[in-house]
Amino acid sequence: KQGGYEIYVENTSSGLELYDHLFEVGKDYNIKPGYPNLIERIESALLSCGNDFDNNDNPLECGFDKYVNLDNDVEFIGKDELIKIKSDGINKKLMGITIDSKFINVSSSINVYDYNNDIIGDLRSGIFSPHFKKVIGIIMVKKSYWNYSEACKIEIEGKFYNGSLCELPFL
Numbered sequence: 011k012q013g014g015y016e017i018y019v020e021n022t023s024s025g026l027e028l029y030d031h032l033f034e035v036g037k038d039y040n041i042k043p044g045y046p047n048l049i050e051r052i053e054s055a056l057l058s059c060g061n062d063f064d065n066n067d068n069p070l071e072c073g074f075d076k077y078v079n080l081d082n083d084v085e086f087i088g089k090d091e092l093i094k095i096k097s098d099g100i101n102k103k104l105m106g107i108t109i110d111s112k113f114i115n116v117s118s119s120i121n122v123y124d125y126n127n128d129i130i131g132d133l134r135s136g137i138f139s140p141h142f143k144k145v146i147g148i149i150m151v152k153k154s155y156w157n158y159s160e161a162c163k164i165e166i167e168g169k170f171y172n173g174s175l176c177e178l179p180f181l
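To convert, take the position in the sequence shown, counting from 1, and add 10; that gives our numbering.
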């Protein structure tokens, strides 16, 4: 699978300085910029910050609960709220979706509907998968649809396509 690291910085100028510094000290190691292969990223559910989740989602909804220790003495912003959410249960979660299409362009989230035209969630990332021979994607799904076995629908460039929810990862 893919190797590499993602580094997030809050200050753009610091990011540029860090970028230049990493390439300077990494010259002997042939360090190069890169990005994940989108098909492999989605098939293996390698989540992308800003695409698959953002500041409106919490780590429990995104399946990151194994990385959040709520039982220790360490205090952090949002800990009490996460403890409450863990106790009450989450209301949405990331899942997979297969779509009966060979093309999709996801530049922002796209609503996914049941056949009563109720929104069941929003597609965050999607790509045609040669392995599945259809579009696959990562969708944030409302709790009442987690076990939804009926076909759902999504509008792509003015045309509706059938989709099916599934667990992640695809492979």
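For glycine and all other residues, C-beta sits at the position ideal for the given N, C-alpha and C.
- Residue state for residue 180 is assigned as coil, using DSSP reduced to three classes.
- Taking a contact to require three or more Cβ pairs closer than 8 angstroms, the region 126-140 and the region 152-164 qualify as touching.
- Rounded to the nearest angstrom, the Cβ distance from residue 151 to residue 102 is 6 angstroms, consistent with a contact under 8 angstroms.
- Looking at the backbone, the Cα of residue 119 and that of residue 166 are separated by about 12 angstroms.
- Inter-segment contact for the region 134-147 and the region 101-116 is present: three or more beta-carbon pairs are separated by less than 8 angstroms.
- Looking at 54, 35, 85, 98, the one whose alpha-carbon comes closest to that of residue 136 is 54.
- In the structure shown, residue 165 adopts extended strand secondary structure according to DSSP, grouped into three states.
- Apart from the 5 residues on each side of it in sequence, residue 98 has no Cβ closer than 8 angstroms to any other Cβ in its chain.
- The beta carbons of residue 104 and residue 73 sit about 6 angstroms from each other, so the pair counts as a contact at 8 angstroms.
- Between residue 95 and residue 68 a beta carbon distance of about 6 angstroms is seen, short of the 8 angstroms cut, so the two are scored as contacting.
- About 6 angstroms separates the CB atoms of residue 44 and residue 14; that is less than 8 angstroms, so the two are in contact.
- When beta bridges are read from the DSSP output, residue 106 appears opposite 148, 176.
- By the beta-carbon neighbour count (other beta carbons within 10 angstroms, threshold 16), residue 139 is buried.
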